[in-house]
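If you read the protein sequences in the order shown, they are chains A and B. Here the first sequence stands for residues 7 to 325, where the numbers follow my numbering. Here the second sequence stands for residues 484 to 734, where the numbers follow my numbering. We put the beta carbon where it would ideally sit given N, CA and C, even for glycine. Note sheet for the following structure.
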Amino acid sequence: MILVLIDHDRGVIDPLSLRALTAARKLGHDIEAVVIGSDGTGLAAIAGEYGAKVLHVGAHSAITDYTPMASGRALKDLVGKLQPAAVLAAGSPRGNEQLAHLAAFLDIPMAAECSEITLGTPHHVLRARWAGNLIESANVHSDLLVATVVSFSVEPESVQGAAASVAQFEPDLQPADTVVKILSRDSGETKGGVTLSDAKVIVSGGRGVGGPDGFGNLEELAGLLGGTVGCSRVVTSSGWRPHAEQVGQTGTKVAPDLYIAAGISGAMQHIAGMKNSKTIVVINTDPEAPILRYADYAIIGDLHQVLPALTSAIRQAKG
Amino acid sequence: MDVLVCLKRVPLAGGTLILTPDSRDIETKHLGFGISPHEENAVEAGVQLVEQMGGTLTLLTLGPSDAEEQLRSQLAIGATRAVLIETDGQEWDPQGTAAALVDAINAEETKFDLIIFGAESADSAGYQIHIRVAHALNRPIVTNVKSMKIENGIANCERVVPTGREHYEAPLPAIITVRDGLNIPRYPSVPGRMQARKKIVDMKKAEPRVPKLEKVTLALAPSKDKGAEILGKGTDAVPALVDVLKQIGAF
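Written as structure tokens, this is what we have:
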């Protein structure tokens, strides 16, 4: 049996978990799923739809929100009881973090960001490194395989399964497990309700924008297309835009329907964060810019002229 | 306030990667070296804490003897001293690395109030060494921190997520991992560089362990040129782009 951690935020599923479930099914074992926190109980239907027979719910009065070390303890308790062949989760910050706690509790290896998994002795994985630019072939020497599935390596596929049966368990938490947890939140850095990771359209600017003022053109176009503004690392480290807008390995990884890259040459750390966008349009003065390899369409030209012209042409076309 | 920052020497690669003939490493003949982006923020955070609260800032790395170069350049930013756990240049797996770091930390006379890591390494991205160290030292850990304040022996941390910000607290002694955006790392001053030459870098040896996450080979990820359709030059190409955007339903 393979156990898949379904990550959720106060009962709302992280859709990357569905990719982890789909990847797990390909290994040819029965699938069971686990959520940490009783507010994950409502995910039994979707867990079943994506192939899990059972949804284990790690519930404890001390787990009221994301508590990563407690997640690791709960997974350890459950693994001891169920003896699965592998524990998988999405290669998201939270997926990686919770499974790393599990691996640390058990003192066994963990393979993060896997694109391919073969169970055996040893287990074998392909995993993404260098912002996805390198693929490592690695052996994992342990009975239980702990691994996360790299984002976007697999499309979620439903099997139209019946709702998973719910099996609640109470992890044997130690005081140290619940010291670090979410105490409060605010929706500080998002503007107009469209966040980078939800946006269908992102208009992104790089060094070529030239300064904070140049982003007015990008904001206008993004507003017109119902999208939001992104940027490359040089823009945030120059203080032109807030870090929340940074796309790339050290910022947010995005995959919108339309990504317009204006004045971005395309360091591999930036490419890693946007190459899965459905349609990529590049506006750049340099016809040799590396980002062109990843583009579907390109205009060779100065963004300071092209963007205002584009904005007014779209306005006209919209009528 | 005694702070420890853990670093990793990595090749500085922005464009295309090339592999060594045995496909086990990146060819670094023509590359410079540095530290991972988030780690520059980690050092800056450490320097600021010591400036505000007094105390010491120690740097720790595991790597080849050449990693002294990265330690010296960060000592120039304002760290007190550094420790280098010297390897034979081979990459160690995360469990082996974490264990060696823990041994080195335990061997220090200073009991660090705060240990800071970068959120992920540029090259191996294993997402676990910091957590293994936290478990071994029995300390709380907050990851991916983008804003931090130390007050009354508690690290108040914020993490930025797609929906906004999450607030965490960790009582000291604690471990945090920080992200790019936490602060703006300063450049070393000329006197800073001069002083760094005289600062102490303790060299230690550690025996490699048999890796449990065992690298076999590396391969370049397939990156096919999508063959962009060039719509034209300058504003003349705008009508063609408007057609494309209409076609894909962008408006």
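- Proximity of chain B to asparagine 282 of chain A at the Cβ level (cut-off 9 Å) is not reached, the minimal Cβ distance being about 12 Å.
- In the DSSP annotation of this structure, the continuous segment of the beta strand (DSSP E) that includes histidine 650 of chain B starts and ends at 647 to 654.
- Among the CB atoms of chain A, none fall inside 8 Å of the CB of asparagine 635 of chain B.
- Here glutamate 176 of chain A has Ala65, His66 as same chain residues with Cβ atoms under 7 Å from its own Cβ, once five neighbours each way along the sequence are excluded.
- Taking a beta-carbon distance threshold of 8 Å, methionine 7 of chain A does not count as an interface residue toward chain B.
- The beta strand (DSSP E) runs of length 3 or more contained entirely in the region 209 to 281 of chain A are, from start to end of the chain, 234 to 237, 264 to 268.
- Residues of the same chain with a CB within less than 7 Å of the CB of glycine 17 of chain A, apart from the 5 flanking positions on each side, are Asp45, Gly46, Gly48 in chain order.
- Of all residues in the region 101 to 116 of chain A, only Asn102, Glu103, Ala106, His107, Ala109, Ala110, Phe111, Asp113, Ile114, Pro115, Met116 come within less than 8 Å of chain B when Cβ atoms are compared, listed by chain position.
- DSSP, reduced to helix, strand and coil, places leucine 179 of chain A outside both helices and strands of the structure shown, so it counts as coil.
- Counted as a single uninterrupted DSSP element, the alpha helix (DSSP H) harbouring arginine 615 of chain B occupies residues 612 to 620.
- For histidine 521 of chain B, the enclosing alpha helix (DSSP H) covers residues 520 to 536.
- Counting only the Cα atoms, isoleucine 52 of chain A lies some 54 Å from alanine 559 of chain B.
- The beta carbon of leucine 696 of chain B is closer than 8 Å to those of Asp576, Pro577, Gln578, Gly609 in its chain, skipping five residues each way along the sequence.
- If you look at proline 99 of chain A, you'll find it in the alpha helix (DSSP H) that goes 99 to 112.
- Under a criterion of Cβ atoms nearer than 8 Å, no residue of chain A is adjacent to histidine 513 of chain B; the nearest Cβ is some 16 Å distant.
- In the DSSP assignment, arginine 642 of chain B falls within the unbroken beta strand (DSSP E) covering 637 to 644.
- For methionine 677 of chain B, the enclosing alpha helix (DSSP H) begins and ends at 673 to 681.
- A direct Cα-to-Cα measurement between asparagine 635 of chain B and lysine 32 of chain A gives close to 51 Å.
- Against chain A, the beta carbon of serine 672 of chain B has no neighbour under 7 Å; the closest one sits roughly 19 Å away.
- Residue contact with chain A for asparagine 621 of chain B: present (Cβ-Cβ distance below 8 Å to some residue of chain A).
- Per DSSP, valine 186 of chain A lies in no beta strand (DSSP E) segment and is marked neither H nor E.
- Its chain contains Val616 as the residues whose beta carbon lies nearer than 6 Å to that of leucine 584 of chain B, once the 5 sequence neighbours on both sides are disregarded; these appear in chain order.
- Annotated three-state conformation of alanine 153 of chain A is strand, per DSSP.
- Pairing proline 162 of chain A with arginine 25 of chain A gives a Cβ-Cβ distance under 8 Å.
- In the structure shown, the three-state DSSP call for alanine 723 of chain B is helix.
- The residue from A:Thr234, A:Asn223, A:Gly257, A:Ala58 with its alpha-carbon nearest to that of glycine 269 of chain A is A:Asn223.
- With distances taken between CA atoms, alanine 602 of chain B lies nearest to A:Arg100 out of A:Ala323, A:Arg100, A:Asp71.
- Membership of methionine 75 of chain A in the alpha helix (DSSP H) is indicated by the continuous run 74 to 88.
- When DSSP reads this structure, proline 494 of chain B sits in a beta bridge with B:Phe516.
- Bounds of the alpha helix (DSSP H) holding alanine 582 of chain B are 577 to 590.
- For arginine 25 of chain A, the three-state secondary structure derived from DSSP is helix.
- For threonine 317 of chain A, the enclosing alpha helix (DSSP H) stretches over residues 309 to 324.
- Interface flag for valine 585 of chain B against chain A is unset, since no Cβ pair is found closer than 8 Å.
- Out of A:His249, A:Pro296, A:Asp204, A:Ser238, the CA that lies nearest to the CA of aspartate 20 of chain A is found in A:Asp204.
- Interface flag for leucine 487 of chain B against chain A is unset, since no Cβ pair is found closer than 8 Å.
- Non-local beta-carbon contacts of valine 526 of chain B in its own chain, meaning distances under 6 Å to residues more than five positions away in sequence, involve Val488, Gln557, Ile560 in chain order.
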